[in-house]
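Have a look at the structure below, then the notes.
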Amino acid sequence: MILEIRNLAINFGARCVVDIEALDLRTGEILGLAGESGSGKTMTALAIMGLTATSGARISSGSITVDDRELVHQRDTDLRRIRGSQIAMIFQAPVSSFNPLFKVGYIFIRSLRLHGASRSEARAHAREALEEVMLPYDMLERRPYELSGGQAQRLAIALAVALRSQVLLADEPTSALDVSVQGEILDLIRRLRDRDGMAVLFISHDLAVVAELCDQVAVMRAGRIVEFGASSQVLHSPTNDYTRQLVDSVPKLGTRAG
Amino acid sequence: MTTLLQVRDIVIDFGGLRAVDGVSLDVPAGPFGMGLVGESGSGKSTIARGALRLLPLSRGSVMLDGKDVRHFRGSDLRCFRRSVQIVFQDPGSTLDPRMRVGAAIREALVVHRMVPAGELESRVEELLVEVGLESSDGPRFPHQLSGGQRQRVVIARAMAVEPRVLVLDEPTSALDVTVQARILRLISRLREEHRLAYLLISHNLAVVQQLCEQMAVLYLGKVIERGSSRAILEQPAHPYTQVLRSSVPEIDLAERRARISVPSIAVDAAGPPEGCRFHPRCPLAVEECRRIPPSLREIDRLHEVACHRAEEACERFVESVDTAV
Amino acid sequence: MKAPSLADTRTRTAVIAVRRNPLLSAGAVIALALVAAAVLAPLVAPYPQDAGTAMHAGAILLAPSWNHPFGTDMFGRDIFTRVLYGARVSLGITGLVLAISVAIGVPLGIVAGYFGGFIDNVIMRVTDVFLAFPALLLALAFATVLGASTRNAVLAIAIAWWPWYARLARGQAASVAGRGFIEACRALGVGRVRMLWRHVLPNSLTPLIVSVSLDAGGVILTAAALSFLGLGAQDPTPEWGLMVSQGQSFFTTQWWLVTFPGLAIMLTAMAFNLAGDGLREILDPRRVVTR
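Protein chains in written order, with my numbering: chain F, 4 to 261; chain V, 181 to 505; chain Z, 196 to 486.
Shown next as structure tokens:
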């Protein structure tokens, strides 16, 4: 068990936006957090990273442990060491995740060095990581706006790989990408799990993607988990009405289409 | 089937690139759904704007009822705008943030003089209710409504002028999945009730299959496959369509298939490749593909494809389905 | 349930905004007090006749006292009265200047920004010529040419000021012109006039209104400067800048001649600056509170 969430309550002003009793993530597992906008899934990920304050929300109670280490209410200086190196996060708009003023290589190497690598170590890790995600090394010479969505997302994943992150939080990583590119990113995530045992928390409103990629899925609604289980189980034979409504709403392709 | 809207060999240059390079489409009189599928860079949104005269055409023509709309001015142009309406992807930016939604719908009625002044308010209310909103939503501002509600307002505004053709550019991509389902149902209902013809642009193959009898697949500004949606999605003939088809994630295990993967290539500012535009990524590419651009040819009833090796591609596809996970 | 009118919700937002930010509240209060002073001057001022050509030989240069809270000037006129009446003059000048500059600059800017191309070029080049000079310098030049008087001061400042609004409006209009809803309106068949009046202008207004309220301070200072230099209001008009100018030579011994009008200028400029900030918050429809 690499990530454990217990009795997490997050408030936005007086309103409770997340209320999770329990959520566990194992090494080498891909857990899907599915739900619509406002369900609290992104806020949960931000809480794990200790970034709730940026949206004005507050963790009012509960515990989040990564590798048996408590994260809630830690000092920012301590959290900064964990962010990126133990837990990495990738976002929906990958190109905007990079500062447009710098070459991506600068951001990449600098991030590695911030977590303790020497310059040559950083370059070596970067090379390995880029190979892993199948990007050419000279991609580091580009600026963020010169990258396509798919390339930028791979780069973000490469950073997680280079930092040897144990947990990857992926917040709608493929929602803004073309469907063919999406497939590649999903393959990449699967490969990382298989090869490095990376644990992935995959947040998405796209149930079909969750069904294909994730081993387990937690369906969220209004801050709570309404259903949890193996994705094949939950999405094929949902027991909860809301889950069923979600699954029914997904337009389906089928050879026997009407 | 009389053709209502005809797009003939249009070429559109946009941002220094040839975004659309010789695309032809026919939208027959309603009720009918024509789908336009493509990924980013395919030119699908550019075609929508070109068809509505929001962008100039470098070549080719758009014809409504057989008349070229390019030279329409004044009342002819207004008539055209009434007949062909568009719903854009992001309802948040499509509505004037300083205008109440009821006023936005009223504007449509006023500009085209749809009803006498005394009946404006009641007509606005009727339209709001028709798209599934409350009449009390009229005085609200766009930011006070949810994404789905905003999109309904946009649809109401478009329907207010009683168009014959509705172009929908990714109408549900920005919405939650349950909201999406409801909006698609609304579009379906409007189609039946108003005998509407629509051109539905989407990257989502399932949505296109659900709502459109026919579809066209775009790649880098050209139509590479066209015909009956069912035929194309059951048996895609072009390797690119096959990639798209196999990449669609499925909840239903039985429908899953092995994903056909092709190398991704960044868009080259110098322009598309010589010959077939897909050849640098195509697993079946041969010398002919590198030199000669393929044109659309019939491969089956109501199924055209622009590929030199479509027959081989079809065989391969059938094999991939059989050996699917 | 009927949705609240925009006026109701705006009032409520205004009240909340004012309560939340004390500095803004202070600015708003002072600005309102000044307007009140201007309006009520004839009723509140202890010696209304001193606002004009009065002369009290026996009361020259009296220090501040109960009878004369701000003292008297070199003609024996009550300075408190003159400062109150001066509010009228200053606010009057400011109001007129802003009204004229906006009336000239905004339409030109909106048209330039929305249509772009040749029209934009022509209008902007004319604007550039004016903008090449500092506003005060330009106002001085025009005031010199037109002759010194309150009316000419208004014209001179307005001529110097309108290009700023033209440029601001143009930037706004150009940015609005690229937004999705403008394209959607075009697709709907909305004509050009309607587009400008109903869509481009309202969406370009917020920064303009903020700018105008912030500028009020600047205009007051410019008017005071012109009068100080003798190019604006003339005696006996109780204009604050003029009063400061007249009190210059007495500064070391009779400090009240310069200080109170000077404070009035400073407070007014500051108040309008603060109020302008608050106005921006209130005006954005996205911030309208509905519950």
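Cβ atoms here follow ideal geometry from the backbone N, Cα and C, with glycine treated the same way.
Is there at least one Cβ from chain Z nearer than 8 Å to residue i's Cβ?
| i | result |
| --- | --- |
| D276 (chain V) | yes |
| S225 (chain V) | no |
| H483 (chain V) | no |
| I285 (chain V) | no |
| S408 (chain V) | no |
Can a CB atom of chain V be found closer than 8 Å to the CB of residue i?
| i | result |
| --- | --- |
| R475 (chain Z) | no |
| A240 (chain Z) | no |
| G425 (chain Z) | no |
| S58 (chain F) | no |
| G186 (chain F) | yes |
| L383 (chain Z) | yes |
| P402 (chain Z) | no |
| Q156 (chain F) | no |
| P241 (chain F) | no |
| D181 (chain F) | yes |
| P254 (chain F) | yes |
| A368 (chain Z) | no |
| S99 (chain F) | no |
| A379 (chain Z) | yes |
What number of angstroms, rounded off, separates the C-alpha of residue i from the C-alpha of residue j?
| i | j | result |
| --- | --- | --- |
| S475 (chain V) | C487 (chain V) | 7 Å |
| G413 (chain Z) | I288 (chain Z) | 12 Å |
| L232 (chain V) | R496 (chain V) | 39 Å |
| D189 (chain V) | F268 (chain V) | 23 Å |
| Q156 (chain F) | Y245 (chain F) | 31 Å |
| I381 (chain V) | I367 (chain V) | 13 Å |
| I93 (chain F) | N102 (chain F) | 14 Å |
| A50 (chain F) | L474 (chain Z) | 36 Å |
| R277 (chain Z) | G318 (chain V) | 53 Å |
| H263 (chain Z) | F455 (chain Z) | 12 Å |
| V395 (chain Z) | F328 (chain Z) | 29 Å |
| G253 (chain Z) | Q449 (chain Z) | 16 Å |
| R126 (chain F) | I112 (chain F) | 7 Å |
| D472 (chain Z) | S399 (chain Z) | 17 Å |
| F423 (chain Z) | F270 (chain Z) | 18 Å |
| R486 (chain Z) | V20 (chain F) | Residue confidence is low: R486 (chain Z) scores 35 on pLDDT, short of 50, so the model does not pin down where it sits. Its coordinate-derived value is still stated next. C-alpha separation (whole angstroms): 19 Å. |
Can a CB atom of chain F be found closer than 8 Å to the CB of residue i?
| i | result |
| --- | --- |
| D256 (chain V) | no |
| E219 (chain V) | yes |
| I431 (chain V) | yes |
| A386 (chain V) | yes |
| A361 (chain V) | yes |
Count the other C-beta atoms from every protein chain shown that fall within 10 angstroms of the C-beta of residue i, then say buried if there are 16 or more, exposed otherwise.
| i | result |
| --- | --- |
| S316 (chain V) | exposed |
| V203 (chain V) | buried |
| A56 (chain F) | exposed |
| R280 (chain V) | buried |
| H76 (chain F) | exposed |
| D174 (chain F) | buried |
| Q265 (chain V) | buried |
| D356 (chain V) | buried |
| M250 (chain Z) | exposed |
The beta strand (DSSP E) with residue i in it runs from where to where?
| i | result |
| --- | --- |
| T339 (chain Z) | Run containing T339 (chain Z): none in the beta strand (DSSP E); it sits in the alpha helix (DSSP H), 330-341. |
| T68 (chain F) | 61-69 |
| M243 (chain V) | 239-244 |
| T183 (chain V) | 183-194 |
| P208 (chain V) | 197-208 |
| L348 (chain V) | 345-349 |
| V20 (chain F) | 18-28 |
Is the closest heavy atom of the ligand GTP to the C-beta of residue i under 7 Å?
| i | result |
| --- | --- |
| H76 (chain F) | Absence of the ligand GTP from the depicted structure is noted, as is the absence of any ligand whatsoever, leaving it without description. |
For the alpha helix (DSSP H) containing residue i, name the first residue and the last one.
| i | result |
| --- | --- |
| G186 (chain F) | 182-199 |
| I318 (chain Z) | 312-326 |
| V290 (chain V) | 281-291 |
| P419 (chain V) | 419-427 |
Taking contact to mean 3 or more Cβ pairs, one atom from each stretch, closer than 8 Å, check whether the segment 354-368 of chain Z and the segment 271-290 of chain V are in contact. By the Cβ rule, the segment 354-368 of chain Z does not count as touching the segment 271-290 of chain V, because fewer than three pairs are nearer than 8 Å.
Can you confirm whether the segment 199-219 of chain V touches the segment 353-372 of chain V when touching is taken to mean that 3 or more C-beta pairs between the two stretches lie within less than 8 Å? Short answer: they touch.
If you pair each beta-carbon of the segment 381-396 of chain Z with each one of the segment 445-463 of chain Z, do three or more pairs fall below 8 Å? The segment 381-396 of chain Z, when compared against the segment 445-463 of chain Z, does not touch it at the 8 Å Cβ threshold.
Flag this pair as touching only if the segment 301-312 of chain V and the segment 237-255 of chain V have three or more C-beta atom pairs under 8 Å; answer yes or no. With contact defined as three or more Cβ pairs closer than 8 Å, the segment 301-312 of chain V and the segment 237-255 of chain V are not in contact.
Inspect the CB distances between the segment 191-206 of chain F and the segment 230-238 of chain F and report whether three or more fall short of 8 Å. In short, these stretches do not touch, since the Cβ pair count stays below three.
Should the segment 98-115 of chain F be called in touch with the segment 188-199 of chain F, which here means at least 3 C-beta pairs below 8 Å? Touching, no, given that fewer than three Cβ pairs across the two stretches are closer than 8 Å.
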